[in-house]
Amino acid sequence: MTGTALTAARQGLISCGACGLLARAAAPAEAGFCPRCGARLHRRHPDSIQQSWALGVAAAVCFIPANVLPVMVTDALGSSTPDTILGGVAFLYSSGSWPLALIVLVASFMIPLGKLLSMGWLLIAIRRGIRGGERQRMRLHRIVRAVGPWSMLDVFVATFTVALVQLDPLMSVEPGLGVLFFAAVVVLTMLAAESLDPRLLWDRDEIEPRHD
Amino acid sequence: MARMHQTADIIACPGCDLLQRLPPVPLGARARCPRCGEILAAPPMDPIERPLALAVAAAITFGVAQATPLMSLSAVGRSAQTTIIGGALEMWSQGQPITAALVLICTTLAPGAYLTLVCTLLLAVRRPPAPSWAGALLRLAGHARAWSLPEVMLLGILVALVKIADLASVDPGVGLFATGALLALLAGLATSFDPRTIWDRVAWPTQDTPRGPGASLAEHAGGTAAR
Chain A
2 MTGTALTAAR QGLISCGACG LLARAAAPAE AGFCPRCGAR LHRRHPDSIQ
52 QSWALGVAAA VCFIPANVLP VMVTDALGSS TPDTILGGVA FLYSSGSWPL
102 ALIVLVASFM IPLGKLLSMG WLLIAIRRGI RGGERQRMRL HRIVRAVGPW
152 SMLDVFVATF TVALVQLDPL MSVEPGLGVL FFAAVVVLTM LAAESLDPRL
202 LWDRDEIEPR HD
Chain B
2 MARMHQTADI IACPGCDLLQ RLPPVPLGAR ARCPRCGEIL AAPPMDPIER
52 PLALAVAAAI TFGVAQATPL MSLSAVGRSA QTTIIGGALE MWSQGQPITA
102 ALVLICTTLA PGAYLTLVCT LLLAVRRPPA PSWAGALLRL AGHARAWSLP
152 EVMLLGILVA LVKIADLASV DPGVGLFATG ALLALLAGLA TSFDPRTIWD
202 RVAWPTQDTP RGPGASLAEH AGGTAAR
């Protein structure tokens, strides 16, 4: 049914991105504004693919320092120990709390990596115009958007560990540069997923102004 | 017979752009797009009073969670405690201003803005017609909700507690329990607050033509769609 689906775009209609009202484009070249809420109308999120790629690639670049650089540095009795994300997982595992180790591993490492790979696959599928499996890709896009915030977990772990463990001169924890890159990965992947207009996953013909 | 919720008939699915006629949806039920599965309508049983009660309760709980210490730590006669904002401030003073700002946005500013906006909105749309500025608040509330992450913060605090528990004794504070209660209230608010219902109550800016060009043309398109 996807080949002949009657979409708003094929009828010269636009669904307002803010309030959902179905409106007709003011002119073929200029979509205009929503008559109800006044938001600017777009047939599709403008520059959706380019923005999504740019943000996704930036996130992938930040993912490397986020995992290599320490997120926390523990100073205890004169000696300082750097702690990376995966090091923190190993610490939790060896201290006996493997459920938490698993949560941190999934939230901090597997979710960001899975998000980057999923975004890449969705963008390639749109570019190639791959048919079939739109529903699965739609579900993937929904999952990517839903789990996105959970990878902020390690940023909060670092923040509250640093805030609490300030027992100078006995022991103190300082944030490392890794936490900044890690926060960047999370924010950039969240923005990349938001930029990707899901309707592009379904579009079968160019969304151009129609004159007929 | 269940009460029905009536909206503008013809809509385009926000997920896949499929044009469809939305049937009357029973209150408390959900309508999904047949093609992509996106939720098109989920009118709650009690769209104003219940979310308003939850939002006010959540705002009070949020205030308590922000003002009281999350947890305190003691080791060899020394002790330290922190609040949510204290965590962000400590990050700032340790040379991480960007991370500190992000933490402050996700734990304090965005949830605070969201609850303020939702309370204002629900009070404003209680008596129809709803003011046209309600739409702007609704849009802002959506952005604020997307960036408020109290549930992730709570899990982060719990992980931090377990990590620290080996080194020193940690006592959970009032703020931690208040945050837990806040999550329950926010979950209730999420299921009872329906932006689509609010949009249907928002007055159109042009009062002399209550049905604007978009709606009349949508009806025209509906005729085409039904062909």
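Chains as they are written, first to last, in this note's numbering: chain A, 2 to 213; chain B, 2 to 228.
Even glycine gets a Cβ: it sits at the ideal position worked out from N, Cα and C.
Note that the structure is predicted; figures quoted are calculated from it, not measured.
Please decide whether residue i counts as near chain B, where near means a Cβ-Cβ distance under 7 Å.
i, result
"V163/A", "yes"
"E175/A", "yes"
"L124/A", "no"
"L201/A", "no"
"S95/A", "no"
"M153/A", "yes"
"Q52/A", "no"
"S98/A", "yes"
"S109/A", "no"
"V180/A", "yes"
"T160/A", "yes"
"P47/A", "no"
Any beta carbon of chain A sitting closer than 7 Å to that of residue i?
i, result
"V104/B", "yes"
"A161/B", "yes"
"L110/B", "no"
"W93/B", "no"
"T69/B", "no"
"G176/B", "no"
"L231/B", "Not covered by the structure: residue 231/B. The range shown for chain B is 2 to 228."
"C37/B", "yes"
"T100/B", "yes"
"L156/B", "yes"
"R228/B", "Model confidence at R228/B stands at a pLDDT of 27, short of 50, so the residue's coordinates are unreliable; what they give is reported in the following sentence. By this cut-off, R228/B is not an interface position."
When the Cα of residue i is compared with those of the options, which residue comes out closest?
i, options, result
"M172/A", "G176/B, I165/B and V104/B", "I165/B"
"A193/A", "L93/A, P150/A and G177/A", "P150/A"
"P47/A", "R205/A, D204/A and D198/A", "D198/A"
"L106/A", "V58/A, F92/A, L117/A and A60/A", "F92/A"
"I15/A", "A28/A, E31/A, H43/A and L7/A", "H43/A"
"S170/B", "L55/B, L74/B and R22/B", "L74/B"
"G57/A", "P176/A, M139/A and G115/A", "G115/A"
"E195/A", "G18/A, A6/A and A10/A", "G18/A"
"V148/A", "G177/A, N68/A, S109/A and R25/A", "S109/A"
"L118/B", "G136/B, L105/B, T69/B and Q67/B", "G136/B"
Residues bridged to residue i by DSSP?
i, result
"P167/A", "Looking at the sequence shown, residue 167/A is not Pro but Gln. DSSP output for Q167/A lists S173/A as bridge partner(s)."
"M72/B", "T83/B and P173/B"
"T162/A", "In DSSP, T162/A forms no bridge with anything."
"P83/A", "V74/A"
"A24/A", "I15/A"
"Q21/B", "I12/B"
"R127/B", "DSSP, once it has assigned bridges, lists no residue as partnering R127/B."
"V163/B", "In the DSSP output, where bridge partners are listed per residue, V163/B has none listed."
"R33/B", "I40/B"
Anything in chain E within Cβ reach of residue i, meaning under 8 Å, just list it in chain order.
i, result
"L168/B", "Looking at the structure shown, chain E is missing, and the protein chains on hand are A and B."
Problem set entry | Chain-ordered residues of the stretch 55–83 of chain A with a beta carbon less than 8 Å from chain B | From the stretch 55–83 of chain A, no residue has a Cβ closer than 8 Å to chain B.
Exercise. Can we say the stretch 33–52 of chain A touches the stretch 152–167 of chain A, given the rule of at least three CB pairs closer than 8 Å?
Worked result: By the Cβ criterion, the stretch 33–52 of chain A is not in contact with the stretch 152–167 of chain A, since fewer than three pairs of Cβ atoms, one from each stretch, lie closer than 8 Å.
Problem set entry | Members of the stretch 10–30 of chain B that neighbour chain A once the beta carbon cut-off is set at 9 Å | I11, I12, A13, C14, P15, G16, C17, D18, L19, L20 and Q21
For this session: Mind checking the stretch 9–31 of chain A against chain B and listing, in chain order, the residues whose C-beta falls within less than 7 Å of any C-beta there?
Result: A9, A10, Q12, L14, S16, A19, C20, G21, L22, L23, A24 and R25
Exercise. In the stretch 128–154 of chain B, which residues sit with their C-beta less than 7 Å from some C-beta in chain A, listed in chain order?
Worked result: G136, R140, L150, V153 and M154
Exercise. So, do the stretch 137–144 of chain A and the stretch 131–148 of chain B have three or more beta carbon pairs nearer to each other than 8 Å?
Worked result: no
Problem set entry | Chain-ordered residues of the stretch 78–89 of chain B with a beta carbon less than 8 Å from chain A | R79, A81, Q82, T83, G87, G88 and A89
For this session: Check whether the stretch 77–94 of chain A touches the stretch 12–26 of chain B, counting contact only when three or more Cβ pairs, one atom from each stretch, lie closer than 8 Å.
Result: no
For this session: Say whether the stretch 18–38 of chain B touches the stretch 86–99 of chain B, bearing in mind that this needs 3 or more beta-carbon pairs closer than 8 Å, one atom from each stretch.
Result: no
Problem set entry | Meets three-Cβ-pair contact criterion under 8 Å: the stretch 27–42 of chain A and the stretch 33–53 of chain B | no
For this session: Decide if the stretch 46–60 of chain B is in contact with the stretch 185–203 of chain B; the criterion is three or more beta carbon pairs, one per stretch, under 8 Å apart.
Result: yes
For this session: Could you tell me whether the stretch 61–73 of chain A touches the stretch 173–183 of chain A, where touching means 3 or more Cβ pairs closer than 8 Å?
Result: yes
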